[in-house]
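Worksheet: the structure to be examined is printed underneath.
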Amino acid sequence: MSSEDSPVITTQGTGIITGAPDTVTIVLGVQTQAAQAAPAMAENAELANTLIQIKDQGVDDQDITTTNLSVQPNYQPAGTIDGYTVTNQVQATLRDIARSGDLIDAAAGAAGDAIRVQQLTFSIDDDSDLRAQARAEAVAEAQAQAQQIADAAGTQLGAVQSITENPDTGATPFPQARAMTDRAASTPIEPGSQELSVSVSVTYKIG
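Using this note's numbering, count along the sequence shown one by one with no gaps and you end on 329.
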């Protein structure tokens with residue numbers, strides 16, 4: 123009997139590890155309006171340039187960039203244009219979450235009422251150690267299942283014939299993770315936790 127024809131058991135295993143985010147990506151917007159496009163753009167550019175100075179709050183030069191600039195006419199119900207809205211988005215990656223609130227406060231101080239907090243995304247900068255732990259748990263779970271099946275069938279569990287890691291779904295934020303961006307004396311940021319999951323399929327020889 124060839125190895126391809128040998129009896130096998132295939133099981134699935136999943137390892138889940140929880141980690142604390144250590145990086146936050148903040149997308150800030152500056153929105154201005156004026157009767158003409160040029161003044162709206164000029165004011166917006168001035169505020170956006172001021173906003174970029176938030177790098178003084180611990181953002182490296184390579185971690186801050188302009189991601190979007192839009193100029194939109196404002197229409198009256200009759201279809202006539204009565205002004206223009208300019209929006210400029212700046213994305214900043216901060217590797218010290220403890221300074222997130224100060225960064226948002228600094229942005230609000232720089233841009234005033236024109237500031238918009240568009241998005242906050244928490245992540246784990248280097249998840250290789252957590253992923254290795256999750257992978258080990260996944261393989262151990264698959265092996266335990268295979269051993270149970272082999273014991274129940276009255277056969278011996280043999281060597282691994284193949285092992286496949288299923289597509290990565292990335293880290294998942296816990297529901298309680300949140301960012302409170304209302305303007306307080308110091309804006310509170312709560313990154314919560316993230317789950318990192320690894321799933322494997324393992325085929326064992328038996329007999």
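Think of the CB as a built atom: it goes at the ideal place given N, C-alpha and C, for glycine as much as any other residue. All values reported here derive from a predicted model rather than from experimental measurement.
In whole angstroms, what separates the C-alpha of residue i from that of residue j?
| i | j | result |
| --- | --- | --- |
| Ser321 | Thr145 | 25 Å |
| Thr243 | Ala214 | 11 Å |
| Gly135 | Glu317 | 16 Å |
| Gly151 | Ile271 | 57 Å |
| Ala230 | Thr325 | 56 Å |
| Leu225 | Leu252 | 28 Å |
| Gln255 | Ala264 | 14 Å |
| Asp248 | Val239 | 26 Å |
| Ala262 | Ala274 | 18 Å |
| Thr140 | Gln184 | 29 Å |
| Pro199 | Ser192 | 22 Å |
| Asp304 | Ser250 | Confidence in Asp304 is poor, its pLDDT being 43 and thus under 50, which makes the residue's placement too unreliable to answer from. |
| Ile186 | Lys177 | 7 Å |
| Ala94 | Gly234 | Nothing can be reported for residue 94, as the shown portion of the chain is limited to 123 through 329. |
| Leu216 | Ser284 | 41 Å |
Should residue i and residue j be called a contact, given that it needs their Cβ atoms to be closer than 9 Å?
| i | j | result |
| --- | --- | --- |
| Ala162 | Thr154 | yes |
| Thr133 | Gln278 | no |
| Asn210 | Thr188 | yes |
| Gln158 | Tyr206 | yes |
| Asp218 | Gly180 | yes |
| Thr147 | Gln241 | yes |
| Ala232 | Leu173 | yes |
| Pro129 | Gly329 | yes |
Near residue i, what residues of its chain come up, given a Cβ to Cβ distance below 7 Å and the 5 sequence neighbours on each side ignored?
| i | result |
| --- | --- |
| Asn288 | Ser321, Val322 and Ser323 |
| Ile203 | Pro195, Asn196 and Tyr197 |
| Thr286 | Val322 and Ser323 |
| Ala260 | Gly135, Thr136, Gly137, Val320, Ser321 and Val322 |
Over the uninterrupted beta strand (DSSP E) stretch that includes residue i, give me the two end residues.
| i | result |
| --- | --- |
| Ala156 | Thr145 to Ala156 |
| Asn288 | Careful: Asn288 lies outside any beta strand (DSSP E) and carries neither H nor E. |
| Ile139 | Val130 to Gly141 |
| Ser319 | Gln316 to Ile328 |
| Pro195 | Ile186 to Tyr197 |
How is the alpha helix (DSSP H) around residue i delimited, first residue to last?
| i | result |
| --- | --- |
| Pro161 | Ala159 to Leu173 |
Ordered along the chain, which non-local residues of its own chain (more than five positions away) have a Cβ less than 6 Å from that of residue i?
| i | result |
| --- | --- |
| Ala306 | Annotation note: pLDDT 44 at Ala306 (below 50); position unreliable, coordinate value reported separately. Closer than 6 Å at Cβ, skipping near neighbours: no residue. |
| Asn111 | No statement about residue 111 is possible, as the shown extent of the chain runs from 123 to 329 and does not include it. |
| Ile138 | Glu317 and Ser319 |
| Ala170 | Val152 and Asn210 |
| Gln298 | Note that Gln298 scores a pLDDT of 39, beneath 50, so its modelled location is shaky; the value from the coordinates is reported in the next line. For Gln298, where only same-chain residues beyond five positions count, the Cβ hits under 6 Å are Gly314. |
| Ile131 | Ala268, Ile271, Tyr326 and Ile328 |
| Ile237 | Ala229 and Ala230 |
Short of 8 Å in beta carbon distance, which residues of its chain neighbour residue i, apart from the five on each side in sequence? Order them along the chain.
| i | result |
| --- | --- |
| Ala281 | Tyr326 and Lys327 |
>> Give the list of continuous alpha helix (DSSP H) stretches no shorter than 4 residues that lie fully inside the region 214-280.
In response: 222-233 and 250-275
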